[in-house]
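Inspection log for the structure reproduced underneath, given as structure tokens.
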Amino acid sequence: MKIPSLRRSSNTIDMTSGAILPNIVRFTLPLLLTGTLQLLYNAADIVVVGRYGSDNALAAVSSTGSLINLIVNVFMGLSIGASVLVAQYFGAGSRKDVSEAVHTSMAVAIISGVAVGLFGFFASRGMLELMDSPEDVIDLSALYVKIYFIGAPANMIYNFGAAILRAVGDTKRPLYYLMFSGVVNVILNLILVIIFHLDVAGVALATIISQLISAVLIVICLMHTDGDVRLYIKKIKIHWAKLGKIAAVGLPAGIQGSIFSISNVIIQSSINAFGPAVMGGNGAAANIEGFIYNAMNSLYQAAITFTGQNYGAKDFKRIKKAAFECLALVFGVGFGLGVLAKIFGTQLLGIYTQKPDEIAAGLVRMNVICLTYFTCGMMDVMVGLLRGIGRSLIPTIDSIICVCGIRIVWIYTVFASYKASGAADFDSLRMLYISYPVSWVMAFAVHVFCFIIFYRIAKKRALAEVPNTPE
1 MKIPSLRRSS NTIDMTSGAI LPNIVRFTLP LLLTGTLQLL YNAADIVVVG RYGSDNALAA
61 VSSTGSLINL IVNVFMGLSI GASVLVAQYF GAGSRKDVSE AVHTSMAVAI ISGVAVGLFG
121 FFASRGMLEL MDSPEDVIDL SALYVKIYFI GAPANMIYNF GAAILRAVGD TKRPLYYLMF
181 SGVVNVILNL ILVIIFHLDV AGVALATIIS QLISAVLIVI CLMHTDGDVR LYIKKIKIHW
241 AKLGKIAAVG LPAGIQGSIF SISNVIIQSS INAFGPAVMG GNGAAANIEG FIYNAMNSLY
301 QAAITFTGQN YGAKDFKRIK KAAFECLALV FGVGFGLGVL AKIFGTQLLG IYTQKPDEIA
361 AGLVRMNVIC LTYFTCGMMD VMVGLLRGIG RSLIPTIDSI ICVCGIRIVW IYTVFASYKA
421 SGAADFDSLR MLYISYPVSW VMAFAVHVFC FIIFYRIAKK RALAEVPNTP E
């Protein structure tokens, strides 16, 4: 039962009552637009350097994504833990716990942002060398990554702040702030690259300036919100009990993300061996696929928030109904957008580059990924459902084995033997990309099995009136 004194902002969505599907849609649409805008701004970096930058600028910028994700994902996972914890306390109506979780989360954001920035700045060059980044690309890549990580504190503050708002169903205001900062990013891209000829340094500078703007806006929002997630700067500190619960959910999520990134770094290293044209085409294709992933990921976020709030309220019937509806939605969105991306692949890649060899390489990836990408979305929704009920370690273990393990084994066995047999480069690339859908299907099946088990355990615990808190 909810505490009567719990204050709810007019921007929040109470997912413990009302029709399920409309609430999911209300939550998801702004989040989908937010992610789409983020991708558009990232795409602007790639499009600008691809069209107006130096010869290898596209390869330099587009090949750094897996490395950046590897470094930041552990701490970004903590923002998931913060979102789950706030959602559960919000659903349970625990006003004091919501406030303590918010202020602990922002303290973690500041500390982790500084740590990520320092590590990324000083370790990036060495890690790019380990990835076998080509000599004619590595200097530009290192420059881009170093500048990018200067903005890590602002990036963390924005993402933790947005996670707090998502936990109470507010996905609109992060969208508005991103719209403004993103427009600044695009304008600065054009000015710094085309007018001042700063190349990859220009797009990196534009990125960190826009991140700073979005961080300032999200902090101002939290300081002036009329709900119980209101932020007071003087109250920002670590509440150790809350930090432990954030870490219990967030660290496994972050470790999973980083291990995913390790497998992607290994795949990127294999791609780098094919040269700058394949690197550029792969990066452009991955950016296009990111729009599909974003649409599916918004439903993953909906699954976390919906499950978290209803887990706090101990309403397991709503959790079960939401699980089916989120899976149905993510299938439809992922498959529909994947088909469209495959049909218009050449035209979409042409936005990023006019080089035929890069377009051809990008099509190899899109022809494999686009029609199977919905399985990745379904896998992620199951992860969101498990994390919403406080079970974060389980999907991490499943993903390490079923996703990362399969990809790494595939690279060093199936792909390696296929390439050694003398197959054409694009045939070898195709075999490399097949590792993605194989791993997604395996992980989805295991996640479903685990959710059924832990859903029943959580339901029995609730019926026995055991305190319902995160792991």
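Sequence positions in the sequence shown follow the working numbering and run 1 to 471. The beta carbon of each residue, even a glycine, is placed where N, CA and C say it ideally should be.
#### Entry: residue 473 versus residue 284: straight-line alpha-carbon distance, rounded
What is shown of the chain runs 1 to 471, which leaves residue 473 out entirely.
### Task
Would you kindly work out how many angstroms separate the C-alpha atoms of residue 72 and residue 318, rounded to a whole number?
Roughly 33 angstroms separates the two Cα atoms.
### Query
Going along the chain, which residues of its own chain have a beta-carbon closer than 8 angstroms to the beta-carbon of residue 444, five neighbours each way excluded?
Within the same chain, and ignoring the five residues on either side of residue 444 in sequence, the residues whose Cβ sits closer than 8 angstroms to its Cβ are 375, 378, 379, 382.
### Query
Between the beta-carbon of residue 200 and the beta-carbon of residue 128, is there less than 8 angstroms?
No, these two residues do not count as a Cβ contact at 8 angstroms.
### Message
In the DSSP assignment, the alpha helix (DSSP H) including residue 316 goes from what residue to what residue?
### Response
Unbroken alpha helix (DSSP H) run through residue 316: 316–343.
### Query
Of all the options 16, 186, 464, which has the alpha carbon lying nearest to the alpha carbon of residue 43?
It is 186.
#### Entry: Beta-carbon proximity list for residue 211, same chain, < 6 angstroms, skipping 5 on both sides
For residue 211, the CB contacts under 6 angstroms within the same chain, skipping 5 residues up- and downstream, are 151, 154, 155 in chain order.
### residue 69 to residue 312 span [Cα, whole Å]
Looking at the two C-alpha atoms, the distance is approximately 31 angstroms.
### Residue from 110, 239, 108 with nearest C-alpha to residue 482
This structure leaves residue 482 out entirely; the chain is present only between 1 and 471.
### Task
My understanding is that residue 310 touches residue 15, with C-beta atoms under 8 angstroms, so please give their C-beta distance in whole angstroms.
So it is a contact: roughly 6 angstroms between Cβ atoms.
### Query
Beta-carbon separation of residue 193 and residue 49 under 8 angstroms?
Going by beta carbons, residue 193 and residue 49 fall inside the 8 angstroms limit.
### Length of the line joining the Cα atoms of residue 353 and residue 54
About 12 angstroms.
### Query
Beta carbon of residue 251, beta carbon of residue 385: below 8 angstroms?
Not in contact: residue 251 and residue 385 (Cβ atoms no closer than 8 angstroms).
### Task
Starting from the Cα of residue 233, find the closest Cα among 106, 266, 288, 189 and give me that residue.
Comparing Cα positions, the closest option is 106.
### Contact set for residue 59: own chain, Cβ-Cβ below 6 angstroms, skip 5 residues either direction
Cβ within range, chain order: 137, 276, 279, 280.
### Query
If residue 57 sits next to residue 130, beta carbons under 8 angstroms apart, how far is it from one beta carbon to the other, in whole angstroms?
That pair is no contact at about 22 angstroms.
### Task
Tell me, please, whether the stretch 339–349 touches the stretch 260–276 by the rule of three or more beta-carbon pairs shorter than 8 angstroms.
With a cut-off of 8 angstroms, the stretch 260–276 and the stretch 339–349 do not count as touching, because too few Cβ pairs lie within range.
### Query
Cβ atoms of residue 87 and residue 206: under 8 angstroms apart, would you say?
Contact flag unset, no.
### Query
Per DSSP, what kind of secondary structure is residue 256 in: helix, strand or coil?
Collapsing the DSSP output to three states places residue 256 in a helix.
### Task
Could you check the C-alpha separation between residue 448 and residue 203 for me, to the nearest Å?
Rounded to whole angstroms, the gap between the alpha carbons of residue 448 and residue 203 is 41 angstroms.
### Message
If I measure Cβ to Cβ from residue 322 and keep anything under 6 angstroms in the same chain, skipping five residues before and after, which residues do I get?
### Response
Sequence-distant Cβ neighbours of residue 322 in its own chain, meaning closer than 6 angstroms and more than five residues away, are 20, 306.
### Task
Please check the pair residue 256 and residue 400, which I expect to be a contact at CB under 8 angstroms, by giving their CB distance rounded to whole angstroms.
Confirmed, Cβ separation roughly 7 angstroms.
### Task
Under 8 angstroms by Cβ, that's how I've got residue 229 and residue 108 pegged, so tell me the actual separation to the nearest angstrom.
Residue 229 to residue 108, Cβ: 15 angstroms. No contact.
### Length of the line joining the Cα atoms of residue 196 and residue 38
Going by the C-alpha atoms only, they are around 24 angstroms apart.
### Task
Quick one: give me the first and last residue of the alpha helix (DSSP H) that residue 224 is part of.
Bounds of the alpha helix (DSSP H) holding residue 224 are 199–224.
### Task
Assign residue 82 to buried or exposed, taking buried as 16 or more other Cβ atoms, counted over all protein chains shown, within 10 Å of its Cβ.
Around the beta-carbon of residue 82, 16 or more other beta-carbon atoms lie within 10 Å, marking it buried.
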